[in-house]
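Below is one structure, written out as structure tokens, with a few remarks after it.
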Amino acid sequence: MIGALILRGMRRGFTGAAWLPVAFFLLIATLMPFAVGPDARLLGRIGAGTLWIAALTAALLPIERLVEPDRADGVLDQLALHGMAEESVATAKIIAHWLTFAPLLLIAAVPASALLAMDGAGLARTEIALAIGTPALAALAVAVAALTAGLPRAGSLAGLLLLPLAVPVLIFGASVSGGGGNSALLLESATSMVLLAGSPFVTAAAIRATRT
Amino acid sequence: MTPLLRFDRVALRRGGRLLFEGLGLALGPGERLQVTGPNGSGKSSLIRLAAGLLREDRGCVERVKLALADDALALDRELPLRRALMFWNGAVDRSMEALGLTHLADVGVRLLSSGQAKRATLARVAASDAPLWLLDEPLNALDSESTDRLARVIEAHLASGGAVLAASHQPLPGEWPRLELGL
Chain A
1126 MIGALILRGM RRGFTGAAWL PVAFFLLIAT LMPFAVGPDA RLLGRIGAGT
1176 LWIAALTAAL LPIERLVEPD RADGVLDQLA LHGMAEESVA TAKIIAHWLT
1226 FAPLLLIAAV PASALLAMDG AGLARTEIAL AIGTPALAAL AVAVAALTAG
1276 LPRAGSLAGL LLLPLAVPVL IFGASVSGGG GNSALLLESA TSMVLLAGSP
1326 FVTAAAIRAT RT
Chain B
150 MTPLLRFDRV ALRRGGRLLF EGLGLALGPG ERLQVTGPNG SGKSSLIRLA
200 AGLLREDRGC VERVKLALAD DALALDRELP LRRALMFWNG AVDRSMEALG
250 LTHLADVGVR LLSSGQAKRA TLARVAASDA PLWLLDEPLN ALDSESTDRL
300 ARVIEAHLAS GGAVLAASHQ PLPGEWPRLE LGL
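Below, the structure written as structure tokens:
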């Protein structure tokens, strides 16, 4: 059942607007040279940080479609009646969400790095940092989506909730991208693991609490 | 004979209001029960309590594996009906046939009328192998032919040793013992 749920999440993700977060990501990378000017040295310095902010906001975009439609339509109830623990549902949602947005984002980072005049080494470091950090962003997005499901103006509320929680990943992830070395990599991995491990339980508790 | 569903002195409170207390009921194989009562008397809450989606405030509820059809469609709207039903159960053809949905197999779920959507939720229940069925307002939006189909599906389920708990404010086809709420 969990495999079917992951496939369903990916199908819905891709038939929805899977390109939207990626387009948004590239848009920010495109706007940056216009905003700070075409100085290649300056762009190269701020490039990694820009990509991280772009990735963070891209992860936030599909948040209203992650949990709320399934709650409103009774799918979460039916999954519970089919004997599936809410924690398993949450895990499936995290995996499906990560698979729909992260691989595309990692590909889009290549043209984005060119727009920001980043060198090859910088791009490689950013790819590694994003690969480690995006699971945490996906986990946070699902947890926050479950916490805000059914609330009015859930989208903006979700942003306010998610962005502070994502700050540790942002700090260490951007530090890895900027050449922070081994310790930054370890710290990013550790933060990512903590968020990834905690999120299914937070999500499950939130799903149970929305049942009325 | 072990009951498929048993309420033992159950009390349920919603939003500070006591809906019922000291409620006891037992449904064995082949048995049916209709929950009636005016709007807001707690019929749907009782169904969700029986399903385990709500927690009782006092008493205890025991249940076997069950299937639930309520107002929520729980089918992917972008899929054709048959594929959407197959997410929940592999073998859907017989229950689709029984509820007259076979000719709609390739129609998108979003295009179904409210009566057809209701039949789809009933087909999901009929396709499950759960011995206990919980139906919340099963007759809503059904025409008389569909009502007859539902009656035949329910009779077949009861004859095979299943049990049905239905909440409805209108009379259900057949002989149903009644549990009146909100008195």
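Order-wise, the sequence lines are chains A and B.
Just so we're aligned, residue 1126 is where the first sequence starts under my numbering, counting upward by one.
Just so we're aligned, residue 150 is where the second sequence starts under my numbering, counting upward by one.
Glycine included, each C-beta is placed from N, C-alpha and C at the ideal position.
Remember, it's a predicted structure, so these values are computed and weren't measured experimentally.
CA-CA distance, residue i and residue j?
i, j, result
"residue 1286 of chain A", "residue 325 of chain B", "51 Å"
"residue 1258 of chain A", "residue 202 of chain B", "35 Å"
"residue 304 of chain B", "residue 1264 of chain A", "46 Å"
"residue 1291 of chain A", "residue 1240 of chain A", "25 Å"
"residue 328 of chain B", "residue 1319 of chain A", "50 Å"
"residue 1316 of chain A", "residue 243 of chain B", "51 Å"
"residue 1250 of chain A", "residue 1309 of chain A", "11 Å"
"residue 158 of chain B", "residue 1143 of chain A", "51 Å"
"residue 216 of chain B", "residue 315 of chain B", "12 Å"
"residue 1156 of chain A", "residue 1164 of chain A", "14 Å"
"residue 1151 of chain A", "residue 1194 of chain A", "27 Å"
"residue 241 of chain B", "residue 1149 of chain A", "41 Å"
"residue 1331 of chain A", "residue 1166 of chain A", "46 Å"
"residue 292 of chain B", "residue 1185 of chain A", "45 Å"
DSSP three-state label for residue i, please.
i, result
"residue 169 of chain B", "strand"
"residue 1174 of chain A", "helix"
"residue 185 of chain B", "strand"
"residue 229 of chain B", "strand"
"residue 1280 of chain A", "helix"
"residue 1223 of chain A", "helix"
To the nearest whole angstrom, what separates the beta carbons of residue i and residue j, a pair I think is in contact under 8 Å?
i, j, result
"residue 295 of chain B", "residue 264 of chain B", "6 Å"
"residue 236 of chain B", "residue 220 of chain B", "No, residue 236 of chain B and residue 220 of chain B are not in contact; Cβ-Cβ is about 19 Å, not under 8 Å."
"residue 1242 of chain A", "residue 1169 of chain A", "5 Å"
"residue 1268 of chain A", "residue 1328 of chain A", "5 Å"
"residue 160 of chain B", "residue 207 of chain B", "4 Å"
"residue 259 of chain B", "residue 245 of chain B", "The Cβ separation is near 18 Å, so there is no contact."
"residue 1237 of chain A", "residue 1176 of chain A", "6 Å"
"residue 1254 of chain A", "residue 1298 of chain A", "5 Å"
"residue 1178 of chain A", "residue 1280 of chain A", "Incorrect: roughly 18 Å between the Cβ atoms, too far for contact."
Exposed or buried, what is residue i when buried is set at 16 or more other beta-carbons lying within 10 Å of its beta-carbon?
i, result
"residue 214 of chain B", "exposed"
"residue 270 of chain B", "buried"
"residue 211 of chain B", "exposed"
"residue 1244 of chain A", "exposed"
"residue 319 of chain B", "exposed"
"residue 287 of chain B", "buried"
"residue 1326 of chain A", "exposed"
"residue 1277 of chain A", "exposed"
"residue 252 of chain B", "exposed"
"residue 297 of chain B", "exposed"
"residue 323 of chain B", "exposed"
Taking CB distances under 8 Å as the criterion, tell me whether residue i reaches chain E.
i, result
"residue 1140 of chain A", "No chain E is present in this structure, whose protein chains are A and B."
Taking only beta carbons into account, state which residues of the segment 1201–1223 of chain A come closer than 8 Å to chain B, listed in chain order. Within the segment 1201–1223 of chain A, the qualifying residues are 1202, 1203, 1205, 1206, 1207 and 1208.
Proximal residues, the segment 235–266 of chain B versus chain A, C-beta separation under 7 Å: Cβ contacts with chain A: 236 and 237.
Can you list, in chain order, the residues of the segment 210–225 of chain B whose Cβ is nearer than 9 Å to any Cβ on chain A? The segment 210–225 of chain B vs chain A, Cβ under 9 Å: 214, 215, 216, 217, 219, 220, 221, 222, 223, 224 and 225.
Along the segment 1169–1202 of chain A, what residues have a CB closer than 7 Å to any CB found in chain B? Going along the segment 1169–1202 of chain A in chain order, one finds 1198, 1199, 1200 and 1202 with a Cβ nearer than 7 Å to chain B.
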